[in-house]
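Undergrad:
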Amino acid sequence: MDNLGITDRRRLRRKLTFWRIAAFVALVALVAGLGRMSGLAGEGERTRDHIARVEVSGVVTADEDLLERLEDIKDDPSVKALIVAIESPGGTTYGGERIYKAVRDVAEQKPVAAEVRGLAASAGYMIASATDHIVAGEASIVGSIGVLFQYGNVSELLDNLGISVDSVKSAPLKAEPSPFEPADPAAEEMIRALVMDSYEWFVDIVAERREMSEGEALALADGSIFTGRQALDNGLIDALGAEQEIRAFFEERSVPANLEIIEWEEEQENRFFFAEALAAAISQWAGANLPFGEAFEGLSDRKLFLDGLVSVWQFGGGQARDDWGNTP
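Take 202 as the starting number for the sequence shown in the working numbering and just add one per residue.
1) Going by DSSP, name the residue or residues bridged to R254.
2) So which of V511, S455, S512 has the shortest CA-CA distance to H251?
3) Exposed or buried, what is V366 when buried is set at 16 or more other beta-carbons lying within 10 Å of its beta-carbon?
4) Among E467, E464, A422, whose alpha-carbon lies nearest the alpha-carbon of Y326?
5) Give the secondary structure of L362 by DSSP, where H, G and I count as helix, E and B as strand, and everything else as coil.
6) Going by alpha carbons, who is nearest to L437 out of E339, A449, I300, D266?
7) Could you pull out every residue in the same chain whose Cβ sits closer than 6 Å to the Cβ of A314, ignoring the five residues on either side in sequence?
8) To which residues does DSSP link L419 through a beta bridge?
9) Looking at V513: is its Cβ nearer than 8 Å to the Cβ of P373?
10) Please report the straight-line C-alpha distance between V511 and L460, rounded to a whole angstrom.
11) Express the C-alpha separation of E409 and E298 in angstroms, rounding to a whole number.
12) Determine which residues share a DSSP beta bridge with E316 and list them.
13) Using 10 angstroms around the beta-carbon of K311, count the other beta-carbons present and answer buried if the total reaches 16, otherwise exposed.
14) Return helix, strand or coil for T428, following the three-state DSSP convention.
15) With DSSP collapsed to three states, give me the class of S399.
16) DSSP three-state call for F506: helix, strand or coil?
17) Nearest-angstrom Cα distance between E269 and I364?
18) Let's test the definition: count the other Cβ atoms within 10 Å of the Cβ of K275 and tell me whether it reaches 16, buried, or not, exposed.
19) Let me confirm a value: L349 is counted as buried when at least 16 other C-beta atoms fall within 10 Å, else exposed. Which label applies?
20) For the candidate residues E357, S323, R254, Q351, whose alpha-carbon lies nearest to that of D273?
21) Provide the residue(s) that pair with A263 in DSSP beta bridges, ordered along the chain.
22) According to DSSP, what are the bridge partners of A388?
23) For E316, count the other beta carbons within 10 Å of its own beta carbon; 16 or more makes it buried, fewer makes it exposed. Which is it?
24) Cβ-heavy atom distance between F350 and the ligand PLP below 7 Å?
25) My assumption, with CB atoms under 8 Å, is that L320 sits in contact with S341. Please give the rounded CB distance.
26) Tell me the rounded alpha-carbon separation between V336 and A329.
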């Protein structure tokens with residue numbers, strides 16, 4: 202190939218690279234613009250009177266974003282009522298307490314109902330009890346009222362390996378129970394007192410919110426789970442059904458029947474991840490070596506750690522256990 206041909210090829214390659222980069226920039230700008238328009242559209246919907254709905258799903262923790270949304274819902278005059286949709290086996294007792302109190306704050310300002318979908322157990326039911334009206338499906342799972350503290354014990358394994366773990370403590374109960382040795386009676390008593398104090402608080406909530414005597418609440422607070430039909434009979438929920446029954450309850454509270462239900466969800470993070478994923482695909486298509494894919498993978502690799510006491514329905518694998526760890 203002569204020099205002129207080589208020069209033409211280089212010029213063509215530079216033009217191709219330029220247009221690839223230009224197309225990439227334009228598409229990223231389009232994604233950002235669509236995300237912003239979507240956010241503005243969502244905010245625009247919330248300016249007119251409506252019923253808000255938030256979702257509590259998966260393991261319950263002290264979800265700061267959800268707590269902020271509940272605070273905004275409480276103060277927003279456009280929100281005439283709130284639906285808390287629950288699909289959760291429970292989670293941390295502290296997380297359940299935070300969300301419970303936030304829902305109660307909303308309920309002091311406007312009607313609030315719980316929509317139990319497949320499951321509202323333990324801390325999930327704690328949150329449902331914060332509402333004025335609980336609706337569940339006939340086959341929904343409700344209950345598992347109780348508190349759990351679990352810890353591992355690898356002392357036998359360490360003995361078999363010939364490994365010992367020594368410690369110097371300021372007092373006998375410091376860092377007890379330890380996974381490196383069997384818990385002594387004093388440590389077990391300390392943990393039981395901790396669990397029972399939180400358990401009694403949970404039972405008091407159920408008795409107060411469901412208008413039961415302490416004895417009636419205790420009879421249901423042995424860790425048992427119930428179908429929606431059973432929960433209606435024993436007073437843990439108010440009605441069987443879903444959205445239609447909730448609207449009927451709201452109408453009794455002077456909430457117009459024609460109000461739209463608008464999901465209050467964390468849209469910004471979802472848009473961010475969508476934009477990251479799309480940008481990664483565009484980057485690969487354009488032949489650019491940009492780190493969007495790695496950033497997306499790193500941000501989406503989030504691990505969940507539960508700290509402290511948990512109020513959760515333990516399910517799957519092995520023998521069934523109640524909230525005290527006993528096998529039935």
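Idealized CB from N, CA, C, for every residue including glycine.
TA: Judging by the given coordinates:
1) According to DSSP, R254 bridges with I284, E464.
2) S455
3) exposed
4) A422
5) Helix, per DSSP.
6) E339
7) Apart from sequence neighbours up to five positions away, the residues of its chain that approach A314 with a beta-carbon distance below 6 Å are I284, T332, H334, I447, F450, ordered along the chain.
8) DSSP, once it has assigned bridges, lists no residue as partnering L419.
9) no
10) 37 Å
11) 15 Å
12) According to DSSP, E316 bridges with A286, V336.
13) buried
14) strand
15) helix
16) Confidence in F506 is poor, its pLDDT being 42 and thus under 50, which makes the residue's placement too unreliable to answer from.
17) 48 Å
18) buried
19) Label assigned to L349: buried.
20) R254
21) Bridge partners of A263: none, in fact.
22) Answer by DSSP bridge pairing: none, since A388 is not bridged.
23) buried
24) This structure simply doesn't include the ligand PLP, nor any ligand for that matter.
25) Going by Cβ atoms, the distance from L320 to S341 rounds to 7 Å, so yes, they are a contact pair.
26) 9 Å
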